[in-house]
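Take a look at the structure below.
Numbering (the UniProt record's numbering), first residue to last: 1 to 234.
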């Protein structure tokens, strides 16, 4: 246990944990933004654009993340594009995750009835206003829960970036274990970090989902009214 604790507080492991957090947050944030653009393009009336983004989603969902990471790391320099391990990891993970996020966001946008959007047009609202004030607020209730699952998945998927030499948590654990062959303690310490991060993010995402639960808010707001009516009858 002392060995595991020493690993947990060692500068090498702390640096690896911070790198894991950085690549997870950056990749998932960029994937959400890119996925939103792809989802909007899928709703376009321009057929070539729709076919293009459909091909993008098909390719990046069909090729394993490991292959995409190795491809970006080894092939891009041959084309004159030289990126650091951190930048390569973000690029590959963002492109892969955005394909999944686009489908999640597209399904969320499709869950809002077209009648409400037509009503916005009748009221003189622009497409941007309809998206911001009618479609997106309702779609978020559908988008947020699976996005939370994708975020936790990204935290674990980021460990694959160790194959391209990026100094994430798994890479630091592997380096430490290789120096003294104490794989059990090193990997156990890395697992504790992953479990802790997953627990923290799960709690944060759960709080966000509860705050977006309209039915729960309506029940909470209705309780004082019900109590007041009972007291007036008494």
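Note that beta-carbon positions come from the ideal geometry of N, C-alpha and C, so glycine has one too. On a predicted model such as this, the values are computed, not experimentally measured, just so you know.
Query	Result
Nearest-angstrom Cα separation, counted from residue 36 out to residue 62	20 Å
Inter-residue spacing [alpha-carbon to alpha-carbon] between residue 49 and residue 134	25 Å
Minimum C-alpha distance to residue 112 - residue among 12, 132, 7 and 31	132
Given residue 19 as reference, the closest of 53, 206 and 167 once Cα atoms are compared	167
Residues near residue 13 in its chain [Cβ-Cβ closer than 8 Å; skip 5 each side]	7, 169, 172, 173, 176, 189, 190 and 193
Exposure label - residue 106; buried when at least 16 CB within 10 Å	buried
C-beta atoms of residue 94 and residue 5 nearer than 9 Å	no
For residue 89 and residue 15, the rounded distance between their alpha carbons	16 Å
Within 9 Å, strictly: CB atoms of residue 151 and residue 201	yes
Of the residues 206, 10, 186 and 99, the one placed nearest residue 40, counting alpha carbons only	99
Beta-carbon proximity list for residue 3, same chain, < 6 Å, skipping 5 on both sides	185
Residue 46 - DSSP class collapsed to helix/strand/coil	coil
Residue 136 (DSSP reduced to helix, strand or coil)	helix
Selected residue, minimal CA-CA separation from residue 27, among 96, 78 and 9	96
Burial state of residue 108, where buried means 16 or more other Cβ atoms lie within 10 Å	buried
Close-in-space but distant-in-sequence residues of the same chain around residue 60 (CB under 8 Å, 5 per side omitted)	68, 95, 96, 98 and 99
Cβ-based burial, residue 196 [other Cβ within 10 Å; buried from 16]	exposed
Nearest candidate by alpha-carbon position, reference residue 212, set 121, 139 and 158	139
Residue 8 - DSSP class collapsed to helix/strand/coil	helix
Status (buried if at least 16 other CB within 10 Å, exposed otherwise) for residue 84	exposed
Boundaries (first-last residue) of the alpha helix (DSSP H) holding residue 160	Element bounds for residue 160: n/a, residue is neither H nor E.
Alpha-carbon to alpha-carbon, residue 198 and residue 92	22 Å
Residue from 147, 205, 208 and 155 with nearest C-alpha to residue 102	147
In chain order, each beta strand (DSSP E) run of at least 3 residues that lies wholly inside the stretch 88-117	none
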